[in-house]
Amino acid sequence: MWHLLLFLVLGATLAPGTRPERVIYLEVSENALPGTSVGFIDSESLPLFVIVPIPGTSMEADLEVIKETGEVKTKVPLDRERHPMYSLLVLPQSIRVVVNVLDENDNAPTFAVDHVDVEFPENSPRDAKRALPPAKDPDIGAYSTQRYEIMSGNHGDVFRLSQHRGRDGVLYLDLQNSGSLDREARSSYHLVIEAFDGGTPPLRALLRVNVTVQDVNDNPPTFNQTRYMASVPENATVGTPVLAVNASDADAGENGRIEYSINRRQSDREEMFRIDSQTGMVYVNKALDFESKERHELVIVARDCGAQPLEASAFLSVHVTDVNDNQPAITVIFLSDDATPKISESAQPGEFVARISVSDPDSRTEYSNATVTLAGGEGHFGLTTRDNIIYLVVVERPLDREEKPVYELSVEATDAGTPPLRAVRTFRLLVTDVNDNAPKFEQETYEAYLLEASEPGMSVLKVTATDLDEGANSAIRYSLLNTTWFAINETTGLITTVSHVDCEADPAPVLVVVATDSGRPPLSSSATVCVTIHDLNDNEPIFEKPLYNATVPEDMPVGHCFLKVGLHSLSNNARRENVRTDFGDVTSNRVTGEWRWDASHPE
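Letter by letter, the sequence shown follows residues -20 to -1, 1 to 583 in mature numbering (1 follows the signal peptide of the UniProt record, and there is no 0).
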């Protein structure tokens, strides 16, 4: 219908003899409240006859025109980013009204992502550039994105930002290195970049940039020693390990991966030894003969795996021995779940602790005749074997971690050579805890005193319990049973009031404090806290009767009791001396409540 009406209106305006069109421009801020006056349509004849909104401008939904006055008002909050301009025609006056919505800084810049990862090779030239996602702001002009800053993470100021505004109005952003990069000194940077618009104060957005410095092969391998010394018996079998060399490379990836080799041009042309290219372990490669050659000098090469590999060299001197100079080798394998030297204090006699094997490379006879003994343990551990090759350390007496948490054991192996050689392997065996001790309070009964007038949160008493176990088995939590007046801090044991206490309700409450450890299952114990509440006279006395009547004869003798008044109070410390009379010829006993005639009373 609007399209048809617009066609008719335009046809009318173009018809010969019609008045020329007049344009009125109005402005309104986008944060204007509904009902805000935008302006007036200055027309010679009011009221306005026909108002025709231009299709697509949402005029009828957002603005209204008072025909009688020509005033234009807002109907809803306006949004410049949704509708920057409204337009309408007024007929038959031929007035076109254009309402421009003025921008406010009601939109912060936003990045399309909250973080981005970029990479720079460590040999990047100065001012190498990486594009970052720009922050976009729906606002225009000064309220759009105006600048970027690196807020944190730019250690050594090795990066800076460059920015330029594109034809689309977006402020584009690049990250550039402004200093030299060294991956071996710092391999990554975590930058925090903020975008600011031109508002006062500016609105901002945050982008996290994770910069990875890529490695280049600029470091050669380095041996931990320039010369290695090793000895090996002449009867060592092929494959016997001699010594492991070790080199490191500060580079990463393939640039830092090292392969080892023996320089055959300069040493060991007979190939008596070989080296594992990955581990650096040198092995016997052929049978050795002390009488032929007792010392071998090897040149070991470490080469990295970069595209242009770098290398380093070290020397290995191997001495071939001629006599029984190899002591037995002791191997201990601990039988705990993680293969560490430990045993539970709940272990029963006969339970295995460790497996021990003894080897001697000199000869089979000496190997099989090795004597193995166990020292230490204070009688709690023993050694057993079936074949004199494999030995087992076993528990012989019950353990108590709280009595002794660590034992030092020594395994000694002596071969049958001449002279005999002896090896000792000493280790510390940790006794691990089980929850076999309940918490214990310092006292079975505690006493505490508290005023009835105490406010909630008042400290009453701190109780303390200890647990001989360790770890979670000794972590104690405190609790109170069956009380609404008191609470306890489960960690510190401090008892406090949680409400007003009432001496009249319970002048001496008895609390039960429970200490529970965190073992599985947990153990607990309890203590008693006797609280004495000191009464506050906070209750008015109450007469036993609301009305007392007494008739006295005219000749009643002085001192005669003619009335006895009874009263009681909920307060424990209320006293009868607080009751007095207001009659001049009567004396009252404040203790008994007896009233007696006393005509001589001064009052």
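All C-beta atoms in this analysis are idealised placements derived from N, C-alpha and C, irrespective of residue type, glycine included. Every value quoted in this text rests on a predicted model; they were computed, and no experiment measured them.
For Met39, the enclosing alpha helix (DSSP H) begins and ends at 39 to 42. Sixteen is the threshold: since fewer than 16 other Cβ atoms of the shown chains lie within 10 Å of the Cβ of Pro(-1), the residue is exposed. Put simply, the backbone Cα of Ala12 is about 15 Å away from that of Arg62. Note on Tyr5: under 16 other CB atoms within 10 angstroms of its CB, so exposed under the neighbour-count rule.
Contact between Glu432 and Asp482 holds, since their C-beta atoms are separated by about 7 Å, short of 8 Å. Secondary structure note for Trp577: its beta strand (DSSP E) is the uninterrupted segment 574 to 577. Contact check between the segment 190 to 205 and the segment 287 to 301: three or more CB pairs, one atom from each, fall below 8 Å, which counts as touching. Rounded to whole angstroms, the Cβ separation of Leu363 and Thr351 is 11 Å, and the two are not in contact under 8 Å. Ranked by how close their Cα comes to the Cα of Pro72, the residues Thr180, Ser337, Lys47 have Lys47 in first place. One Cα belongs to Ala403, the other to Asp367, and the distance between them is close to 20 Å. Residue burial annotation: Leu461 is exposed, with fewer than 16 other C-beta atoms found within 10 angstroms of its C-beta. In the structure shown, Tyr263 adopts extended strand secondary structure according to DSSP, grouped into three states.
Here the segment 232 to 246 makes no contact with the segment 306 to 324; the two share fewer than three CB pairs at distances below 8 Å. Within the same chain, Tyr371 come within 6 Å of Thr365 by CB-CB distance, once the 5 residues on both sides are set aside.
Straight across, the Cα-Cα distance linking Thr512 with Leu441 is about 12 Å. Looking at the backbone, the Cα of Pro113 and that of Pro181 are separated by about 24 Å. Residue pairing from DSSP places Glu291 in a beta bridge opposite Arg283. Counting along the chain, the unbroken beta strand (DSSP E) around Ile313 starts and ends at 309 to 314.
Rounded to the nearest whole angstrom, the CA to CA distance from Arg275 to Arg249 is 14 Å. The DSSP-derived three-state label of Asp137 is helix. 8 Å or more divides the Cβ of Arg207 from the Cβ of Ser337. With contacts defined by Cβ atoms closer than 8 Å, Leu82 and Glu7 form a contacting pair. Between the segment 213 to 220 and the segment 183 to 191 there are fewer than three C-beta pairs closer than 8 Å, too few to call the two in contact. Under the 10 Å beta carbon count, Pro419 is surrounded by 16 or more other beta carbons and is classified as buried. In the DSSP annotation of this structure, the continuous segment of the beta strand (DSSP E) that includes Val411 starts and ends at 402 to 412. For Thr351, the enclosing beta strand (DSSP E) begins and ends at 351 to 356. Only buried fits Glu102, as 16 or more other CB atoms lie within 10 angstroms of its CB. The beta carbons of Phe20 and Glu44 sit no closer together than 8 Å. Under the three-state reduction of DSSP, Glu7 is assigned to strand. Within the DSSP bridge table, the entry for Gly362 names Val374 as partners. DSSP, reduced to helix, strand and coil, places Tyr528 outside both helices and strands of the structure shown, so it counts as coil.
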